[in-house]
Ligand code: KIV
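In our numbering, the protein residues as written are -16 to 288.
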């Protein structure tokens, strides 16, 4: 499976579309072979995402939770697939993301990894598997990497989980941060409304983003915060910022797949754009099937042995 083979990206770019550029982050400066478009990468890596930010190429990220969908997304050219703990909502029907377990995340992540050849697969560490102490956090991240074959993990929070992030990074596991509306803290917030509208919370968020960059995270998801603040964070830190409900002036966007496909009628936040009405399409298909089965129109002569 290709997740063992993530180092060929740059040489491929050189052979087919190469030109040189210099990537500068706060920590390192390195010469890399650049690609004109992420489509030219055989594998998207954390390094690819840094190059895309440096090039001003936007990063497209979606969630997926199973093999079939992950394969479709991957072949359609998505850059990053997030195995989100939103699986707790859209797959398992829970009201929040809190109940999903590490075993369940490993199952979803392994299914997604089997369907993917090109995209970077990032997996959420579920609630309760990284907050108590950094050793537990590392054990959880190792399970995701080893048992699912994921490429990176994502954790919600800033300074309060700094130690956990550092320990995971020290083990060589790429970490993506997640700030703003962090759904695992929904009971603390008490509401799903926009975060960091007040100056103190906005300042804290900016500090947390800088902390995540300095710790060595390869990217940050910013969820449901004012677009102006997201733009400021994107300009301040050198790692890619992926927004969801954070405006257009970030380095990329992420949406929950089931929401953008229109599978869920009830969830309609302002930031959501529906690219399909799958709820309607599936209902029509199922109604037609049911009618044809009952009328014995299915199967017909050509559909039997
Ligand atoms: O779990 C998830 O799907 C997420 C996205 C909303 C970013 O964290």
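Here a beta-carbon is modelled for each residue, glycine too, at the ideal position from N, C-alpha and C.
- Bridge pairing for residue 137: 107, 159 [DSSP].
- Proximity of the segment 86 to 100 to the segment 122 to 142 meets the contact definition, three or more beta-carbon pairs being nearer than 8 angstroms.
- In the DSSP annotation of this structure, the continuous segment of the beta strand (DSSP E) that includes residue 66 starts and ends at 63 to 66.
- The residue from 67, 203, 198, 232 with its alpha-carbon nearest to that of residue 212 is 232.
- Pairing residue 226 with residue 44 gives a Cβ-Cβ distance that is not under 7 angstroms.
- For residue 193, the three-state secondary structure derived from DSSP is helix.
- Nearest neighbour of residue 113 by Cα position, chosen from 83, 147, 136, 104, turns out to be 147.
- The Cβ-Cβ distance between residue 108 and residue 63 does not fall below 7 angstroms.
- Closest option to residue 49, judged by alpha-carbon separation, among 71, 42, 37, 96: 96.
- Remark: fewer than three beta-carbon pairs, one from each stretch, lie closer than 8 angstroms, so the segment 76 to 83 and the segment 23 to 42 are not flagged as touching.
- Judged by beta-carbon spacing, residue 245 lies within the 7 angstroms limit of residue 257, meaning their Cβ atoms are closer than that value.
- With respect to the 7 angstroms criterion, residue 75 and residue 106 are not classified as neighbours on the basis of their beta carbons.
- If the five residues before and after residue 247 are omitted, its C-beta is found closer than 8 angstroms to the C-beta atoms of 73, 241, 262, all from its own chain and listed in chain order.
- Listed by position in the chain, the residues whose beta carbon lies within less than 7 angstroms of some heavy atom of the ligand KIV are 46, 65, 67, 68, 69, 80, 107, 137, 161, 166, 204, 206, 227, 237, 239.
- Here residue 226 carries a strand assignment [DSSP, helix/strand/coil].
- DSSP, read as helix, strand or coil, puts residue 43 in strand.
- The secondary-structure analysis by DSSP pairs residue 204 across a beta bridge with 161, 225.
- Sequence-distant partners of residue 254 (beyond 5 residues in either direction) whose C-beta falls short of 6 angstroms from its own C-beta, in its chain, are 228.
- DSSP places residue 276 in the uninterrupted alpha helix (DSSP H) bounded by 261 to 277.
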